[in-house]
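Visitor: Can you read through this structure? Questions will come right after.
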Amino acid sequence: MKTHRSPRFAIILGLASALSHAQGNTPPAPAPGSGPLTIPVISRFENFGEKDGLPSHKVHCLLKASDGRLWIGTPNGLCVRQDNGTFRRFGTEDGLSHLTVLSIAEDPATGDLWIATLQGLTRLSGGKFTAFTQTNSGLPNNVVYGVAVAEGTVWAATAAGTGAYDLKAKAWKPYDQTNSVMNEPWCYAVAPGKGVIYLGVWAGGVVEHDPHTGSFKAYRDPDGEFHIAFAADSGPIVDVTSWVAYDQGILWQASYFGLARYNTNSATWRTWVQDKTPLLSNFINTIFAHGRLGWAATDRGVSVTDGDNWVNYLVDKDGHGVVQIYRPGKPTETRTMATALPDGFIMAVWADDHEAWFATSNGLSHGVFTLPADSPALTSNP
Amino acid sequence: MKLKRSLFVAMTAAPALMAVVLGGGYGLRAHQRIKSGRPDLGFVSCNHCHQKSLAKLPWAQLRPHHDSPGGMVLSPDGKRLFIALDDKDEVAEADVATLAVLRRAKVPGGPFGLALDGSGERLFVACSHVDQVAVLDTHDLAEKGRVIVGVRPTDIAFCQTRDGEHLVVTNSGSDDISVLTPSPLAEVARISGGREPYAVTVTDGGRRVYVANRMAVHDGVLATPASEVTVLDPANGHIVDRLALDSAHMAEGITAVPKKGWVLNSMIRVRNLVPITQVKDGWVMTSGLAISQADGAVTQVPLDEANAYFSDPSGVVASPDGRRAFVASGGSDVVTVVDLDWLESWLARASAAERGDAILDMAFSYHYVLARIPTGCNPKHLALSPDGSRLFVAERLDDGVLVVDSASLKPLGRIVLGDGGRDDPIRQGERVFTRARYTFQGGFDCRSCHADGHVDGLSYDFDGSGVGDNLLDNRSLCGVAGTEPFKWNGKNPTLQYQDGPRFARVLMRTDPIPDPQLDELATFILHLPPTRTVPWDQVGKPLTPAQQRGRDLFFATKRPNGTPIPRSRQCQVCHRPPLYTNRLIASVGTQGPRDPKEGFDTPHLIGVGASAPYLHDGRARTLEEIWTVYQVNDLHGVSSYWTKLQLNDMVEYLKTL
């Protein structure tokens, strides 16, 4: 007796066979810690201070612009490292709104720089400074902590909310606790995401805003406890956000109580605190995102991680540079370096595939990598 | 009996009538005082508050349109001249050899600036009235597409960049510059310019674009203003430089100078902080040229002579060999021919001080001015044939294009576009408006401060004694119909009074404008419509939520806690719609140390978004500053309860007026 099998059954059988075959041939995902280290390691530091022409021993922020020049924010003005390696300072006499520069961003469409200061937001375009203040424009507040430019809008995180300046319409839209999900207006940082904007709100966690739909979404510490992370990997580490950064689907939250990382693709959180994890210090001033790496600027040095592997740079009590390399399942590698960061208090980091720059309380530092710059591991997607 | 009855009626009616009149008068005054919140108010006519509809004002009426030539461009072979006719919504094509108009194409939206691609097959048109760029096929002048750009585009340039073909458009109304791809016709970048980007030129084989910005800006009412020449990379839209033209404005023309690597732009060297009485000494406005060299140095040189001025310089072109430039002076009906070789040799040997002082030397121009070519009325745009042999001068108010042999400097003929409109009193008034003959030695004309009838963004020292300072913000003439009286002190009841003998004494320093011309001038000004402050595609659209909130604040009669706002401090009482002025003198706490008294004419707010700076002396650089810096005890409207967000909403609303 013939047995007839339906076409549908044959298709299902065929698919199942193909699937098992594929699974059988796919190599398993590498265990964390195996394979080569995918974080660049700095082999030496080159340090610059006032003797080199920097206007201040303290450096607040950094930006390497698209034209290759390094812009440096200090308490004594804005500074640029010129092609010949010298530093040129700009102050209020040049049109800068205030000497204390807290953050710098570049408009990718025009090359203009936007500079956040303690007394307003300044645009540097074609060598000309134009100041936007709370009295002459719709900037919510003169104390501007962070600035970013995305899709033709300048976002300014201020002490009284976040202002969005539409460059085409030349119109401001201010956001604070009265018209958003912020619980208070003190905004420390702003970072463009994929079609959204992330705001670092003091005691408000991270606020995600979609400017196309006007919607807001708050990411809050699930345990609501400032000093202790009761539930790891469950959300922002705390609600006190000191900085936010985003690149390639990864949102980083810096705080004074630890570090958090949100994978926007899988909607999963990871959190780290000092002593229990390789994070160098809970006190993180800012975080810089490049590819899948987060560079945490802490009060004890720099921690850079891809979420599994860590490389820390610190200065020991004798002033020697120390590098610590953590890889899951492997013993921690600690080395003394021939050179060191000028100070362990790191305010900001800027990094790409080739180099890293550090803003410290005692000058500017240039970190030179040993890992080949064209290593695919540095820039591959998570 | 009849007489008794008549007497009785008269004796009872007269007092009754008097009672009615007196009672009515008292009642009327009471009504006015109550409604305005001004107990000090004497009798004023009803129409201060009960204004006529905007639709009845002169500028809202139909008017004749004229064949006023705007931008021009020659075909690559030099045989065809394309002319923009913005008032007629047309582009005309003329035969250069016969000077005949071959055909006209309808291009809706006020075509003003023109550019051709390298092959001459595509004509790009900046349509100023509708904020668009259109592309026409030059074979049949058929429109092939449009794209939205910024507000009031005035000029356009085609360039071949390292990243392909691009167009650069100056958006005078939105203070920005658009970079477009021609195919597909699309905007790829919008860059912030100076104030009123107006004219554009391409240099260095398409590697650089220079934009002349018409108006100057300043850091404070007592600061020397400067306008900007914006330099950008047309490939990526990045700003390369922002050159400052110190104490200069009205830069309406710009051109690259071949072989020398220069950029020339026409300008007025304005000394607005010098008492206006200095007009007779030539010390208020000097028409000139700014020379921007490749190394970034900018030098200003005069076009004027010691006792003769050539006002309203605009269109400028340079010969292909870079040896001569031609500059149109719209107020003097002249094109000046400039020897660039002489200037080049002088620049090579002049010290920095000499370069800086050149603009101040009224005898300097005789070194390099080769000739002055008389033209018809109000020459504005210029074009030069590719071989440099023919100069084309757009005579804007004569509806024609003068054609000049550039070697002999003799006129060859005229491309006639229209009849000149001499039977149109508005057109006649515009001629008065743009003619410098009514000022001392032809130093300037009305348009020199009121380009297109609007503001120049400056405050002028109108002190009559010549020793003090009496800074007054330059007010827009656009939309002034129905807003009399005029002048910041509100003393001039009509435009004829405003621009009559007293004006001649204080500002023009010459004989008054004759009465017939004065009436024509008033007619023209009354027909100037308000300046548009919103993009064309948003005109008539509903207010945004922020604008609506601002409107609610503007018309608020109570604070949020319910306490009433005194009527005299409600925005909508003094700035009463539809003109947004009740045309009365008001004290808003802005009397300055040199103002003789408090109280200034309430300005109309239509177009206020485009008329910075603000207040009677221009001290408020932005609308925000009216309340954040210069508000005194809630005298200028009750704003003390506003949050920053509410102030932002108010500003957004005001920008829609």
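If you're matching them up, the sequences are chains A and B in order.
Heads up, the first sequence stops at 554 in this note's numbering, and the numbers go up one at a time, no gaps.
Heads up, the second sequence stops at 662 in this note's numbering, and the numbers go up one at a time, no gaps.
Cβ atoms here follow ideal geometry from the backbone N, Cα and C, with glycine treated the same way.
Does DSSP put Ala194 (chain A) in a helix, a strand or coil?
Guide: Note that Ala194 (chain A) scores 44 on pLDDT, short of 50, meaning its location in the model is unreliable; the coordinates nonetheless yield the value given after this. It is helical.
Visitor: Taking only beta-carbon atoms, is Asp246 (chain B) less than 7 Å away from chain A?
Guide: Closer than 7 Å to some Cβ of chain A, the Cβ of Asp246 (chain B) qualifies, so yes.
Visitor: Bridge partners for Lys345 (chain A) per DSSP, in chain order?
Guide: In the DSSP output, where bridge partners are listed per residue, Lys345 (chain A) has A:Ala336.
Visitor: Return no unless some Cβ of chain A is closer than 7 Å to the Cβ of Glu201 (chain B).
Guide: No, Glu201 (chain B) lies away from the interface with chain A (no Cβ there is under 7 Å from its Cβ).
Visitor: Does any residue of chain A have a CB that is nearer than 7 Å to the CB of Arg195 (chain B)?
Guide: Closer than 7 Å to some Cβ of chain A, the Cβ of Arg195 (chain B) qualifies, so yes.
Visitor: With distance defined between alpha-carbon atoms, name the residue in A:Asp255, A:Val379, A:Arg216 nearest to Thr413 (chain A).
Guide: Checked all of A:Asp255, A:Val379, A:Arg216; the closest Cα to Thr413 (chain A) is A:Val379.
Visitor: In the DSSP assignment, what residue or residues form a beta bridge with Met509 (chain A)?
Guide: Met509 (chain A) pairs with A:Gly493.
Visitor: Give a yes or no on contact between the stretch 353 to 372 of chain B and the stretch 386 to 405 of chain B, applying the rule of three or more CB pairs nearer than 8 Å.
Guide: The stretch 353 to 372 of chain B is not in contact with the stretch 386 to 405 of chain B.
Visitor: What is the rounded straight-line gap between the Cα of Val303 (chain B) and the Cα of Ala323 (chain B)?
Guide: One C-alpha to the other measures close to 17 Å.
Visitor: For a contact defined as C-beta to C-beta under 8 Å, what are the partners of Asp348 (chain A) on chain B?
Guide: Chain B residues near Asp348 (chain A): Leu650.
Visitor: Would you please state the rounded distance, in angstroms, between the beta carbons of Leu589 (chain B) and Val222 (chain B)? I believe it to be under 8 Å.
Guide: Wrong, their Cβ atoms sit about 31 Å apart, outside the cutoff.
Visitor: If we define contact as Cβ-Cβ less than 7 Å, is His386 (chain B) a contact residue for chain A?
Guide: No, no contact with chain A.
Visitor: DSSP on Asp654 (chain B), reduced to helix/strand/coil?
Guide: Asp654 (chain B): helix per DSSP, three-state reduction.
Visitor: What number of angstroms, rounded off, separates the C-alpha of Thr17 (chain B) from the C-alpha of Gly487 (chain B)?
Guide: The straight-line gap from Cα to Cα measures roughly 41 Å.
Visitor: Using 7 Å as the limit for Cβ to Cβ distance, is Trp358 (chain A) near chain B?
Guide: Not an interface residue.
Visitor: Taking DSSP as the reference, what is the three-state secondary structure of Tyr485 (chain A)?
Guide: Strand at Tyr485 (chain A).
Visitor: Would you list the one or two residues that DSSP bridges to Ile164 (chain B)?
Guide: Per the sequence shown, residue 164 (chain B) should be read as Cys rather than Ile. Bridge partners of Cys164 (chain B): B:His171.
Visitor: Does the beta-carbon of Val226 (chain B) have 16 or more other beta-carbons within 10 angstroms, so that it is buried, or is it exposed?
Guide: The residue in question, Val226 (chain B), is buried, as its Cβ has 16 or more Cβ neighbours within 10 Å.
Visitor: Which bits of chain B does Leu230 (chain A) rub up against, with CB to CB less than 7 Å?
Guide: Contrary to the premise, residue 230 (chain A) reads as Lys rather than Leu in this sequence. The contacting residues do not exist; Lys230 (chain A) stays about 29 Å from chain B at best.
Visitor: Return the first residue and the last residue of the alpha helix (DSSP H) that Arg464 (chain A) is part of.
Guide: First-last for Arg464 (chain A): undefined, no H or E at that position.
Visitor: Could you tell me the boundaries of the beta strand (DSSP E) in which Ile431 (chain B) lies?
Guide: Segment 430 to 439 is the alpha helix (DSSP H) holding Ile431 (chain B); no beta strand (DSSP E) there.
Visitor: Does any residue of chain B bring its CB to less than 7 Å from the CB of Pro280 (chain A)?
Guide: Judged by the 7 Å Cβ criterion, Pro280 (chain A) is not in contact with chain B.
Visitor: Would you say Leu79 (chain B) and Ser413 (chain B) are within 7 Å of each other, going by their C-beta atoms?
Guide: The answer is no: Cβ separation not under 7 Å.
Visitor: Roughly how many angstroms separate the alpha carbons of Leu431 (chain A) and Thr443 (chain A), rounded to a whole number?
Guide: Taking the straight line from one Cα to the other gives about 6 Å.
Visitor: Is it the case that the stretch 93 to 112 of chain B contacts the stretch 183 to 203 of chain B, given that we only count it when at least three CB pairs across the two stretches are under 8 Å?
Guide: At 8 Å Cβ cutoff, the stretches do not touch.
Visitor: Contact check, Leu67 (chain B) vs Phe87 (chain B) under 8 Å by CB: the rounded distance?
Guide: Actually they are not in contact, since the Cβ atoms of Leu67 (chain B) and Phe87 (chain B) sit about 28 Å apart, beyond 8 Å.
Visitor: Assuming Asp393 (chain A) and Val410 (chain A) make a contact with CB atoms under 8 Å, what is their CB distance in whole Å?
Guide: Indeed they touch by this definition, with Cβ atoms about 5 Å apart.
Visitor: Within 7 Å (strictly less), CB to CB, does Glu629 (chain B) reach chain A?
Guide: Chain A contact via Cβ: present.
Visitor: Does any residue of chain B have a CB that is nearer than 7 Å to the CB of Lys366 (chain A)?
Guide: Output row for Lys366 (chain A): interface = no.
Visitor: Is it buried or exposed for Ala24 (chain B), if we count other Cβ within 10 angstroms and need 16 for buried?
Guide: Label assigned to Ala24 (chain B): exposed.
Visitor: Assuming contact is defined by CB atoms lying nearer than 7 Å, are Ser319 (chain B) and Gly258 (chain B) in contact in what I supplied?
Guide: Yes, these two residues count as a Cβ contact at 7 Å.
Visitor: Using beta carbons (cut-off 7 Å, strictly below), is Thr633 (chain B) in contact with chain A?
Guide: Chain A, which has a Cβ nearer than 7 Å to the Cβ of Thr633 (chain B), makes this yes.
Visitor: Considering only DSSP beta bridges, list what Met272 (chain B) is partnered with.
Guide: The partner list for Met272 (chain B) (beta bridge, DSSP) reads B:Gly293.
Visitor: Per DSSP, Tyr317 (chain A) is paired with what?
Guide: Paired residue(s): none; Tyr317 (chain A) is not in a bridge.
Visitor: How is the beta strand (DSSP E) around Ala303 (chain A) delimited, first residue to last?
Guide: Run containing Ala303 (chain A): 300 to 304, per the beta strand (DSSP E) assignment.
Visitor: For a minimum of 4 consecutive residues, which ranges assigned as the alpha helix (DSSP H) are wholly contained in the stretch 560 to 636 of chain B?
Guide: You should have 576 to 579, 628 to 633.
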